[in-house]
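Reading through the structure tokens given below for one structure.
There are 2 protein chains.
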Amino acid sequence: MSKKPHKERPIMLLLDSLGRRWSLRIIWELQDGPAKFRALRSACDGVSPSVLNKRISELRKLGFVEKTDGGYGLTRDGESLAERLRKLDRWARRWDKRRQG
Amino acid sequence: MSKKPHKERPIMLLLDSLGRRWSLRIIWELQDGPAKFRALRSACDGVSPSVLNKRISELRKLGFVEKTDGGYGLTRDGESLAERLRKLDRWARRWDKRRQG
DNA sequence: AGGTTTTGCTACACTTTTGGTAGCGTAGAT
DNA sequence: ATCTACGCTACCAAAAGTGTAGCAAAACCT
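What follows is the structure in structure tokens.
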């Protein structure tokens with residue numbers, strides 16, 4: 007036992023926030039540099055602006071995204087998270103090979 | 007250029023599937039061993055059985071979860087993904103400290 | 001065998017979230 | 001003044017998720 011209640015654990019906050027549509031994708035799309043609202047939107051398969059705006063607010067509140075002069079960009083933490091996504095990307099490729107030969 | 011279209015890339019499949027509610031959480035909750043449907047359900051804050059069932063099917067199709075004698079458990083790939091989540095957990099704690107001191 | 005429990009899971013009505021389109025208000029360039 | 005690009009809001013439709021009740025099958029007891 008001696009575990010903190012789930013809701014207080016940072017990982018739970020992450021699993022919950024990032025387990026929402028477009029959250030991870032947005033970070034993924036920002037990894038190569040800042041993007042403006044509309045550009046980011048079309049990079050994310052044309053996600054609706056209302057949702058995009060909501061996600062951006064959430065990600066800013068979590069400290070992953072910030073407004074820069076070139077549009078929206080990743081913060082230090084955002085970059086760090088993006089790096090984890092790149093590792094996941096490599097993992098995903100191996101996983102995919104295993105799946106379908 | 008020379009990038010594959012997004013939809014064909016494994017990472018996109020992952021970002022899309024795991025970017026759904028409870029997907030990551032389910033894997034997280036299964037990391038300590040198999041769990042039966044109802045136990046898993048209450049571990050996941052009482053997620054509704056319809057959604058849980060849908061998620062389990064998806065995760066099984068992706069090859070992360072399988073039916074074992076003790077309930078639902080992680081496959082090799084599932085374990086591997088769970089290991090990544092544990093790393094994310096450690097990362098999340100550092101991130102949390104940075105945020106709120 | 002008969003009865004109780006436990007199990008995975010479906011059905012259904014309801015709420016929340018997301019999708020899709022139109023377009024406003026501001027700012028800068030012409 | 002006009003045009004363009006911008007972030008973003010409003011609106012409604014569609015999809016996804018919630019919450020509760022409960023069924024059918026299997027497992028567990030006498």
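Order-wise, the sequence lines are chains V and E.
Counting along the first sequence from 1, when you hit position 95 you're at 101 in my numbering, and nothing is skipped either side.
Counting along the second sequence from 1, when you hit position 49 you're at 55 in my numbering, and nothing is skipped either side.
C-beta atoms are modelled at their ideal positions from N, C-alpha and C, and glycine is treated no differently.
Quick caveat: nothing in here was measured; it's all calculated off a predicted structure.
Inset, instruction - From the DSSP output, read off the bridge partner residues of Leu80(V). - result: Translated into the one-based positions of the first sequence, residue 80(V) becomes position 74. Paired residues: Val71(V).
Inset, instruction - Please check if any C-beta of chain V sits within less than 8 angstroms of the C-beta of Met7(E). - result: Position 1 of the second sequence, counted from the first residue, corresponds to residue 7(E). With a pLDDT of 46 at Met7(E), under the threshold of 50, the modelled position of that residue is not reliable, and the figure given next carries that caveat. No, because no Cβ of chain V sits closer than 8 angstroms to the Cβ of Met7(E).
Inset, instruction - Could you round the C-beta distance between Ala41(V) and Gly77(V) to whole angstroms and report it? I think they count as a contact, below 8 angstroms. - result: As a working mapping, residue 41(V) is identified with position 35 in the first sequence. As a working mapping, residue 77(V) is identified with position 71 in the first sequence. Correct: roughly 5 angstroms between the Cβ atoms.
Inset, instruction - Consider the Cβ of Leu65(E): report whether some Cβ of chain V lies at a distance smaller than 8 angstroms. - result: Start at 1 with the first residue of the second sequence, and residue 65(E) comes out as number 59. Not one chain V Cβ lies under 8 angstroms of Leu65(E).
Legend entry - Whole-angstrom C-beta distance between Leu46(V) and Ile32(V), which should lie under 8 angstroms: Counted from its first residue, the first sequence places residue 32(V) at position 26. Counted from its first residue, the first sequence places residue 46(V) at position 40. Sure, about 7 angstroms apart at Cβ, within 8 angstroms.
Inset, instruction - Using a Cβ-Cβ cut-off of 8 angstroms, state whether Asp95(V) counts as contacting chain E. - result: Stepping through the first sequence from its first residue, residue 95(V) is reached at position 89. Yes, because at least one Cβ of chain E sits closer than 8 angstroms to the Cβ of Asp95(V).
Inset, instruction - Determine the contact status of Leu65(V) and Ser29(V), defining contact as a CB-CB distance below 8 angstroms. - result: Position 59 of the first sequence, counted from the first residue, corresponds to residue 65(V). Position 23 of the first sequence, counted from the first residue, corresponds to residue 29(V). Cβ distance < 8 angstroms, so Leu65(V) and Ser29(V) count as in contact.
Legend entry - Cβ neighbour criterion (16 or more within 10 Å) applied to Glu35(E): Walking along the second sequence from the start, residue 35(E) turns up at place 29. Per the 10 Å Cβ criterion, buried.
Legend entry - Boundaries (first-last residue) of the alpha helix (DSSP H) holding Glu35(V): Walking along the first sequence from the start, residue 35(V) turns up at place 29. Glu35(V) -> alpha helix (DSSP H) spans 29-35.
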